[in-house]
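There are 4 protein chains.
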Amino acid sequence: MANKIRVTIWNEFRHEKNEGSLAQKYYPNGIHAQIKSFLDECDDLEVRLACLDDPDQGIPNEVLDNTDVLMWWGHCYHSDVRDDRVEYIRHRVYQGGMGFVACHSAHESKPFKAIVGTSGALSWGDEYPEIMWNLKPSHPIAAGVPDHFDLELEELYAEPFYIPDPDDLIFAGWYPTGHIFRAGATYTRGMGRVFYFQPGHESCPSFHNPNVQQVLKNGVHWCAPTKPGYDVPQGCPYIKPIYGEWPKNED
Amino acid sequence: MANKIRVTIWNEFRHEKNEGSLAQKYYPNGIHAQIKSFLDECDDLEVRLACLDDPDQGIPNEVLDNTDVLMWWGHCYHSDVRDDRVEYIRHRVYQGGMGFVACHSAHESKPFKAIVGTSGALSWGDEYPEIMWNLKPSHPIAAGVPDHFDLELEELYAEPFYIPDPDDLIFAGWYPTGHIFRAGATYTRGMGRVFYFQPGHESCPSFHNPNVQQVLKNGVHWCAPTKPGYDVPQGCPYIKPIYGEWPKNED
Amino acid sequence: MANKIRVTIWNEFRHEKNEGSLAQKYYPNGIHAQIKSFLDECDDLEVRLACLDDPDQGIPNEVLDNTDVLMWWGHCYHSDVRDDRVEYIRHRVYQGGMGFVACHSAHESKPFKAIVGTSGALSWGDEYPEIMWNLKPSHPIAAGVPDHFDLELEELYAEPFYIPDPDDLIFAGWYPTGHIFRAGATYTRGMGRVFYFQPGHESCPSFHNPNVQQVLKNGVHWCAPTKPGYDVPQGCPYIKPIYGEWPKNED
Amino acid sequence: MANKIRVTIWNEFRHEKNEGSLAQKYYPNGIHAQIKSFLDECDDLEVRLACLDDPDQGIPNEVLDNTDVLMWWGHCYHSDVRDDRVEYIRHRVYQGGMGFVACHSAHESKPFKAIVGTSGALSWGDEYPEIMWNLKPSHPIAAGVPDHFDLELEELYAEPFYIPDPDDLIFAGWYPTGHIFRAGATYTRGMGRVFYFQPGHESCPSFHNPNVQQVLKNGVHWCAPTKPGYDVPQGCPYIKPIYGEWPKNED
C-alpha cells in the first residue's frame, strides 16, 4: 500500500453542473470522476478527487504533502485559484518532486504557468475533429499508443504555442481547419516532472477515448517522483570544501 | 541609430557604496558602470544604466518598453524588487522578446525565477579560484572564448543547481574545493531569450576579466530579439478555419 | 571578401535534365542554381555550385575545406554518393564547424544520416498543399517569417519521423490529408551546426516561394561556423594537470 | 520469464588477460562478469555475456535480435569491431528500440559514434581521484544516488567533450587536476534509448563502487525498450490520405 503512487485529480467541477450541458452529458459525475474511473484500473495508483469549491479549494497543504502526482483540469475559473495554493503547488513540485499533469486548458492555469515558466499563450477556436500524432513512440508516455489516433471532436488549439522547448515532444495534433498543435509535452522543473496533454474540452468526449486514457495512465506513472539518494535541501545551503586544504573554512 | 541593440544594465548598486569594501575597490562606480564600460566597445550597442534605488527602481514601463536586452545584477536585495516590476519584465520577455541576461546571483532574483520557472536553488560557499570550461565552443556565446579560462577568485556556486534543462549548456565551472557548477546556460521563454552566467560576485574582480567580458558581449548579442514576420498577439486569440468548408464559422 | 560566408550548394542535378519534367519546368538551370539566385541577394554570402556528376562529385577535399556552409539536395541517387565524400563532410562538420543545410529528401542522404545519427525514416505520399507553421518565432531562422505560410504543392512527408530530438524545432507542416511533419529542425554536432528544412520536391515550385527563400537565407547564416577562441584539436589529446601537484606527470 | 529485460554485456575482454595487470587484479573474470554480478541482483534482468574474441565477436544477429539492452565496454580495440556488427547494432537500436549503455571508453567505440552521431572526441590523461556530481536527481537513472560520490581513481576524461547536446545530462565529474567532464548523458535515437556513463577504466576499481553499480542498474532499466502500440515500419512507407477526398489516391 505504502508504495502506491498517490494521485490527486483536481477539477474546477463547475461546467458539469450546468443542466443540459454537454459537459454534464459526457461527465455526469465530473471530469475528475471520469479520469479516476480509468486510473483506478492501475493497481499501483491510489486516486483521490479535489475540486475548486471544496474547502481550501480541495488542496490544503496536507493533501498536497501526500500527493505524488497532481492532475489539473481548469478552464474558465483560473483566476479563482488562490495564489497561496499555486505557490504551495510550485513548492511541492520544485522541492518535493510532486508530478504535475496538466490537462487541456491547464496550459493557462496559474500552477502550470508558474511551474513551467510560460504565458501559456496559444490560438483557439471552435470544435473540430482532431488527429493525434505520436512523435516519440520510444517514450514511456507513448507505450501502447498507435502512430496516430482520432478524436471525434476537440476544441481547436493551435500554434504558435508560446511554451518553452519541451524536454520531450511526444504528441502533436492535426485539425482539418489547417492547424496543428504541440499537444503532448514534458518538462522537468526542480525535482518534479510535468506532462501537458491537450485533449479534454468539457463538451467533448475525449476522456472516454481509450488512447487518451492510455496516455494519461502513462503520464501519471512517468511523472511520479523518483527517490533521490539524499535529502534535497531547502533553499541554498552554505557548503564547505570537500577537497583540499582551505584554512579559512576551519571555523 | 535605430538599429542599435538597446541594453539596460540593472544593478542593486548598494554593495559598492560600502566604504572600504572590496566591491567599492573593484567597482567604484558600480558593477553596472563597469559592465557598461566594456559593452560600450561594441558599436551596435546602446547601453544605459538603472539601479534599485532609482525612481520606479530604474525600470518604469517606458524604460522596459525601450529595452531590447535587460542585464540583471542582484544579490542581497532580491526581495526589495517590486512585484509589478517583475511582472512587467516577464511580460516584456514573453510577449515582446526582450532578452534577459542574468548575472551571478540573479539565479535567485525574482525576474529570473519567474521568467524561467525555477527556484534557482544551488549550494554556495566562500571564495575560491575557479576554472571556467567551455562546453559548447560552437555556440555564438562562446565565440572567441578559449577552451577554458581562469577566474582568480569567485564565490563558490555548486551543484546540484535546480534549474530546468538549459536549451544550451555552454559553460561549467570547476573549483579546487571539489565542486562544479553549470555556469553558462541559455533558455527561450515566450518570444524572449535568456542567458545566465555565473561569474560576478561583488567582492571579486570577474567583470575585469577579458574572457568574462567577451562572454557577456556575446550573450547580449545572442539575447537580442529576433524580428518575427507577424504581429505577435496578446493573450490567446480566437481563430477561424483557414482550410476547408466549415459553415458554423461563417458568422 | 575574406569574411564572406562561403556557401556550396550541392545538387544531384539529374531530375532537372528530364525533358518535359516538372523539375525542368520549375528549375531549368537546376535546383541549385535557383537556390543560388536568391542566396546571391545576401551581400555577405559567396555561393558556388556543385553536382553529383562533377569530378569528385563536386566536393573534393579542397572545396569542402573552403566551404563554411554546405547545402545538400538529393533525392533518388543517395546511394551514388561516395562514402569517402560522406566521411570527409562529416569530418568537416565535426572538426571544422562546417554548417550543413539539408533540403527536402536529404533527410535520407548519407551525409545527413551520418552527421546527425538517424535512419531518417518517415512516411511519404503524393503531392498536396502544405501549410507551414512557425513553432519558434523567436529563433533567428524564423526572422521575418509569418506565423504560417502556404506551399501550393509539396510532397507529403509525415510523422512519425524518426529523428533525434532537435535542438530547435522551428517549423512543422500541415497537410489536408490528415498528416503533419516536423519540417524545420536544428542540430549541433561536434563544432558544426545543422539545419533540416523539408520543402523542395523537384516537381514542386517551393524554391520560388519567398518564405522558403527567407528561411533558407536565415538557415545558411545560422549554420555559419562560430570562431572558437582556441585551436580545436584533432582526435583525443593527452593532457596534464592544470592545477595541483601531481609528480607522476613531471615527465 | 518472458517479460524479463534481456541484457547482453559486451566486453573486449583482453586487458584482463594480461598477467599481473591491474585489470586482472580488479576483474579476474572480466569486466563484463563483474557487471553481470551486480546486474544479477535485479530479478527482472536476464544477463548474458559476449566478447570480442567470441565467434561473430559475440554478437551475431540472433543474439542482437534477442537483446533488449546492449552494454558496451571497449577501449583499445575499437577498430577490430566488424563494420557489419556495428551496422546491425545501429539497426537494432533505430528500428527495434534496443537500448545501448556505453561504458567508459565506449565514447569512441564504433557503435556509439554511429548511433549517436559524434566523433566522441575528448581530452584524456592519467588516473586521479574523481568526484561524480548528480546534476539531475529527479531522473530515474539518478534514483537512490547521492548528490555526489567519490571514485578513488579514474582515468582523466575532460572537456571539451564533442558530443551532441544530451537529452538528459545527469552526471558530471570533477578531478583535482582542474578538469570536469559530462560523465552521464542520455540520448534517444530512432526507437532506442542510449545512456553513456564514464567510470570504468580497466585499471580502476570503479565497477566495484556501489554508486556506479546503482547508476548502471538504473541505466539498464531506463534504456529498456518501450512497447509502441503499432508495428514500426521498415524504411520509409508510402502512405495515402487518411482525411478528405483525394481522387488521385483511389487506385
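Chains as they are written, first to last, in our numbering: chain A, 1060 to 1310; chain B, 1060 to 1310; chain C, 1060 to 1310; chain D, 1060 to 1310. Note that the Cβ used here is the ideal one computed from N, Cα and C, for glycine as well.
Cα-Cα separation, residue i to residue j
i	j	result
glycine 1158 (chain A)	isoleucine 1229 (chain A)	17 Å
tyrosine 1136 (chain A)	cysteine 1295 (chain B)	15 Å
valine 1152 (chain A)	valine 1291 (chain A)	12 Å
aspartate 1226 (chain B)	aspartate 1226 (chain C)	7 Å
histidine 1150 (chain D)	tyrosine 1085 (chain D)	34 Å
glycine 1249 (chain C)	lysine 1063 (chain B)	33 Å
asparagine 1070 (chain A)	alanine 1217 (chain A)	23 Å
proline 1223 (chain C)	glycine 1089 (chain D)	34 Å
tyrosine 1234 (chain C)	leucine 1215 (chain C)	7 Å
glycine 1176 (chain D)	proline 1170 (chain A)	38 Å
histidine 1238 (chain C)	tryptophan 1131 (chain C)	25 Å
proline 1287 (chain D)	proline 1287 (chain C)	42 Å
arginine 1065 (chain C)	arginine 1107 (chain C)	8 Å
valine 1145 (chain C)	glutamine 1272 (chain D)	39 Å
glutamate 1100 (chain C)	glutamine 1093 (chain C)	12 Å
glycine 1156 (chain C)	alanine 1283 (chain B)	24 Å
glutamine 1154 (chain D)	phenylalanine 1266 (chain D)	31 Å
Exposure of residue i, with buried meaning 16 or more beta-carbon neighbours within 10 Å
i	result
aspartate 1142 (chain C)	exposed
lysine 1095 (chain C)	buried
glycine 1079 (chain C)	exposed
glutamine 1293 (chain B)	exposed
asparagine 1125 (chain A)	exposed
glutamate 1121 (chain B)	exposed
isoleucine 1301 (chain A)	exposed
aspartate 1127 (chain A)	buried
tyrosine 1187 (chain B)	buried
serine 1138 (chain A)	exposed
proline 1196 (chain A)	buried
tyrosine 1246 (chain D)	buried
proline 1087 (chain D)	exposed
glutamate 1211 (chain A)	exposed
proline 1219 (chain C)	buried
glutamate 1076 (chain A)	Going by the sequence as given, residue 1076 (chain A) is lysine instead of glutamate. Lysine 1076 (chain A) should be labelled exposed.
glutamate 1213 (chain B)	buried
proline 1114 (chain B)	exposed
Residue(s) in a DSSP beta bridge with residue i
i	result
asparagine 1193 (chain D)	D:Phe1230
leucine 1111 (chain C)	Answer by DSSP bridge pairing: none, since leucine 1111 (chain C) is not bridged.
arginine 1065 (chain A)	A:Glu1105
asparagine 1070 (chain A)	A:Cys1110 and A:Trp1132
alanine 1244 (chain D)	D:Leu1228 and D:Tyr1255
valine 1160 (chain B)	B:Met1130 and B:Phe1254
aspartate 1209 (chain A)	A:Ile1190
serine 1168 (chain B)	DSSP output for serine 1168 (chain B) lists no bridge partner at all.
alanine 1217 (chain A)	A:Ser1182
proline 1223 (chain D)	Partner(s): none; proline 1223 (chain D) has no beta bridge.
proline 1287 (chain D)	A:Ala1202
isoleucine 1094 (chain D)	None; isoleucine 1094 (chain D) has no bridge partner.
tyrosine 1297 (chain B)	A:Trp1183
isoleucine 1239 (chain B)	B:Trp1233
Contact belief for residue i with residue j at Cβ below 8 Å, rounded distance in angstroms
i	j	result
glycine 1184 (chain D)	lysine 1299 (chain C)	6 Å
asparagine 1268 (chain A)	isoleucine 1200 (chain A)	At roughly 16 Å, the Cβ-Cβ gap does not stay under 8 Å, so asparagine 1268 (chain A) and isoleucine 1200 (chain A) are not in contact.
tyrosine 1221 (chain C)	serine 1182 (chain C)	Not really, about 10 Å apart at Cβ, beyond 8 Å.
glycine 1243 (chain A)	valine 1274 (chain A)	7 Å
histidine 1134 (chain B)	glutamate 1261 (chain B)	6 Å
threonine 1285 (chain C)	histidine 1074 (chain B)	In fact, because the Cβ distance is near 35 Å, the residues do not count as touching under 8 Å.
Test: residue i CB closer than 9 Å to a CB of chain E
i	result
lysine 1095 (chain D)	Protein chains A, B, C and D are contained in the structure displayed, whereas chain E is not.
- Say whether the stretch 1239-1257 of chain D touches the stretch 1160-1178 of chain D, bearing in mind that this needs 3 or more beta-carbon pairs closer than 8 Å, one atom from each stretch. Touching, yes, given that three or more Cβ pairs across the two stretches are closer than 8 Å.
- Would you check if the stretch 1202-1210 of chain A and the stretch 1173-1191 of chain A touch, i.e. whether three or more CB-CB distances between them fall below 8 Å? Below 8 Å, enough C-beta pairs join the stretch 1173-1191 of chain A and the stretch 1202-1210 of chain A to call them touching: three or more.
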